[in-house]
Amino acid sequence: MHNFLKNTFLFAILVLSGTSFASADHPVDENAPESLGTDHEIRTTEEKEFEAAEHAIHHVLDAHDIHIADGLVLALPVILWTENGMVTFMSSEFHHDDEGHHIVPKNGMNFVKIHEKIYQLNAGDDHVLFDGQHHPMNATAVTDLSITKNVVTLFVVAALLLFIFIRAAKQYKSGLPIAPKGIAKWTEPGIVFVQTIAKENIEAPKYQKFTPYLLTVFFFIFFGNLLGLIPFIGSPNMTGNISITILLAAFTFVIQMVNSKKTYWMHIVDPLGHSLPWYGKVPLYIILLPIEIAGIFIKPVALLIRLFANITAGHIIVVSLIAIIFVNKNVGWAGLSVPMTLFISVLELLVAFLQAYIFTMLSAMYIGSAVESKHH
Amino acid sequence: MGTGIAAIGAGLAVIGAGIGIGKIGGSALEAMARQPELAGKIQTVMIIAAALVEGAALFGIVVAFLQG
Numbered sequence: 082m083h084n085f086l087k088n089t090f091l092f093a094i095l096v097l098s099g100t101s102f103a104s105a106d107h108p109v110d111e112n113a114p115e116s117l118g119t120d121h122e123i124r125t126t127e128e129k130e131f132e133a134a135e136h137a138i139h140h141v142l143d144a145h146d147i148h149i150a151d152g153l154v155l156a157l158p159v160i161l162w163t164e165n166g167m168v169t170f171m172s173s174e175f176h177h178d179d180e181g182h183h184i185v186p187k188n189g190m191n192f193v194k195i196h197e198k199i200y201q202l203n204a205g206d207d208h209v210l211f212d213g214q215h216h217p218m219n220a221t222a223v224t225d226l227s228i229t230k231n232v233v234t235l236f237v238v239a240a241l242l243l244f245i246f247i248r249a250a251k252q253y254k255s256g257l258p259i260a261p262k263g264i265a266k267w268t269e270p271g272i273v274f275v276q277t278i279a280k281e282n283i284e285a286p287k288y289q290k291f292t293p294y295l296l297t298v299f300f301f302i303f304f305g306n307l308l309g310l311i312p313f314i315g316s317p318n319m320t321g322n323i324s325i326t327i328l329l330a331a332f333t334f335v336i337q338m339v340n341s342k343k344t345y346w347m348h349i350v351d352p353l354g355h356s357l358p359w360y361g362k363v364p365l366y367i368i369l370l371p372i373e374i375a376g377i378f379i380k381p382v383a384l385l386i387r388l389f390a391n392i393t394a395g396h397i398i399v400v401s402l403i404a405i406i407f408v409n410k411n412v413g414w415a416g417l418s419v420p421m422t423l424f425i426s427v428l429e430l431l432v433a434f435l436q437a438y439i440f441t442m443l444s445a446m447y448i449g450s451a452v453e454s455k456h457h
Numbered sequence: 809m810g811t812g813i814a815a816i817g818a819g820l821a822v823i824g825a826g827i828g829i830g831k832i833g834g835s836a837l838e839a840m841a842r843q844p845e846l847a848g849k850i851q852t853v854m855i856i857a858a859a860l861v862e863g864a865a866l867f868g869i870v871v872a873f874l875q876g
């Protein structure tokens, strides 16, 4: 059985790769009916050259609609706050335009969408003028409170967390069950896992105060990462959005600062303590103190950049590997591209869990160092 | 010129990550060979250290992205 599967798999790869050579000199003639003009005219009606890098970057950014497949696009509401009040409409009114050509008039104001940012056209103008760097010159940015793809993903993850954990928590209302039933069977190992992280890094009994936050952070990041790996819902890159990771790191920072005790601050401003007399410490502290102060802020920044870059880089790799097929304009390349994408996707599953674990563990460590009591 | 230099910068950052994580993996293997009963704990610490080193390398990648 094992040999049969292995042979079938290798045969399939060989056949699919072989087809890429078979159609190498087949001319592209879908423009034949329109080729009455010169070569120049054929080029303008042909589809644009596939820009792999731009496609990959566009895929990991936020969007005002959920693009599931060509032709299956879910429009999302656009909510704008302007001087004339709140303006709402569906993003389908832009008719898939991302270059500022299509104008949506609402309440006497004209809106255009350029690279997924919504601008209000200055009064009296009827088209957008671009400057050298492709920025609009006669349109101003509007406060955009839309329900974008990332916001929808946020709601989905929140709903999932609430649904799963409220149901599981109901079983624990009357003391610890001997053996949990139903959804609690699946959540209890995860909850004990995160509680162990909290216990290892924060002193007893203070860890109980922070375990809810650590649980939320762990499962939010984990589910958010996993949701981003599903291609059929538009592969939403929520945890790879820098605003979301800034928020998570800010939570850890605020909790750490609010709960910080004197011991923590003594460690920051006086790390060496009694081991040296004051005249020995002064030259060292001139260098050490700025580093320690900077460290207070750099540690949460490292948290957020680590999560953001890992998840975004994973998405870009997956999209780029699939783009191999489109750059070579031949489906035979799927024989090479799909196994590589499969391997990277499995690695991304590991990364999804690992990044959630690392974020939670480092948050617990920072909070633990902030609340530790005088023990030496 | 800008995009070329950015790609070289990203490549250098990845070299740093490769060397760092390689050393972590190597010393973890040696430690596991010396004391097989601690293999589970050593593996956990190795994964954590690898993720931290990768975080540092990704700082460099992010800067390269912003540049090019």
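Line by line, the protein sequences are chains Z and E.
The first sequence runs 82 to 457 under the numbering used here.
The second sequence runs 809 to 876 under the numbering used here.
For every residue, glycine included, the Cβ atom is placed at its ideal position computed from N, Cα and C.
query                                                                                                                                       : result
Spatial distance of residue 299 (chain Z) from residue 443 (chain Z) (CA atoms)                                                             : 11 Å
DSSP three-state assignment for residue 862 (chain E), whether helix, strand or coil                                                        : helix
Chain Z contact for residue 848 (chain E) (CB, 8 Å cutoff)                                                                                  : no
Nearest-angstrom Cα separation, counted from residue 234 (chain Z) out to residue 315 (chain Z)                                             : 10 Å
Sheet register partners of residue 191 (chain Z) (DSSP bridge)                                                                              : Z:186 and Z:202
C-alpha gap between residue 290 (chain Z) and residue 373 (chain Z), whole angstroms                                                        : 27 Å
Under 8 Å (Cβ pairs) to chain E, residues found in the stretch 387–410 of chain Z                                                           : 387, 389, 390, 391 and 394
Same chain only: Cβ atoms within 7 Å of residue 187 (chain Z), ignoring 5 sequence neighbours per side                                      : 168 and 170
Interface partners of residue 442 (chain Z) on chain E, CB under 8 Å                                                                        : 856
8 Å Cβ shell around residue 125 (chain Z) - same chain, five flanking residues per side excluded                                            : Any reading at residue 125 (chain Z) is ruled out, since the residue's pLDDT is 45, under 50, leaving its predicted position unreliable.
Per DSSP, the bridge partner or partners of residue 162 (chain Z)                                                                           : Z:167 and Z:224
Beta-carbon spacing of residue 425 (chain Z), residue 397 (chain Z) below 8 Å                                                               : no
Members of the stretch 257–284 of chain Z that neighbour chain E once the beta carbon cut-off is set at 7 Å                                 : none
Assigned exposure category for residue 849 (chain E) - 16 Cβ within 10 Å defines buried                                                     : exposed
Residues that residue 815 (chain E) contacts on chain Z, provided the C-beta gap is smaller than 8 Å                                        : Going along chain Z, no residue has its Cβ under 8 Å from residue 815 (chain E), so there is no contact; the nearest lies around 11 Å.
Terminal residues of the alpha helix (DSSP H) in which residue 307 (chain Z) lies                                                           : 288–309
Assigned secondary structure, residue 760 (chain E) (DSSP; H/G/I helix, E/B strand, else coil)                                              : Beyond the ends of chain E as shown, which are 809 and 876, falls residue 760 (chain E); an answer cannot be given.
Same chain only: Cβ atoms within 8 Å of residue 836 (chain E), ignoring 5 sequence neighbours per side                                      : 850, 851, 853 and 854
Counterpart residues of residue 150 (chain Z) in DSSP-defined beta bridges                                                                  : Z:153
Inter-stretch contact at 8 Å, needing at least 3 Cβ pairs: the stretch 330–340 of chain Z / the stretch 372–387 of chain Z                  : yes
C-beta neighbour in chain E for residue 439 (chain Z), strict 8 Å                                                                           : yes
Test: residue 435 (chain Z) CB closer than 8 Å to a CB of chain E                                                                           : yes
Of the listed residues Z:408, Z:340, Z:401 and Z:415, nearest to residue 450 (chain Z) (C-alpha basis)                                      : Z:340
Three-way DSSP call (helix, strand, coil) for residue 381 (chain Z) in this model                                                           : helix
Residue 132 (chain Z) - DSSP class collapsed to helix/strand/coil                                                                           : coil
Cα-Cα separation between residue 866 (chain E) and residue 392 (chain Z), rounded to whole angstroms                                        : 11 Å
Nearest neighbour of residue 292 (chain Z), chosen from Z:89, Z:86, Z:446 and Z:84 [CA to CA]                                               : Z:446
CA-to-CA distance, residue 439 (chain Z) to residue 856 (chain E), given in whole angstroms                                                 : 7 Å
Span of the alpha helix (DSSP H), counted from its first residue to its last, around residue 438 (chain Z)                                  : 415–452
Among Z:133, Z:390, Z:236 and Z:149, nearest to residue 870 (chain E) - alpha-carbon criterion                                              : Z:390
Under the three-state DSSP convention, the category residue 501 (chain Z) falls into                                                        : There is simply no residue 501 (chain Z) to check, as chain Z begins at 82 and stops at 457 in what is shown.
Nearest neighbour of residue 336 (chain Z), chosen from Z:237, Z:295, Z:199 and Z:132 [CA to CA]                                            : Z:295
Contacting residues, own chain, Cβ-Cβ under 6 Å from residue 821 (chain E) (five flanking each side not counted)                            : 865, 868 and 869
Closest by C-alpha distance to residue 436 (chain Z), when choosing among Z:448, Z:191 and Z:321                                            : Z:321
Chain-order list of residues whose beta-carbon lies under 8 Å from that of residue 149 (chain Z) (same chain, five-residue window excluded) : 155, 313, 314 and 315
Pick from Z:268, Z:157, Z:358 and Z:431 that is closest to residue 244 (chain Z), judged by C-alpha positions                               : Z:268
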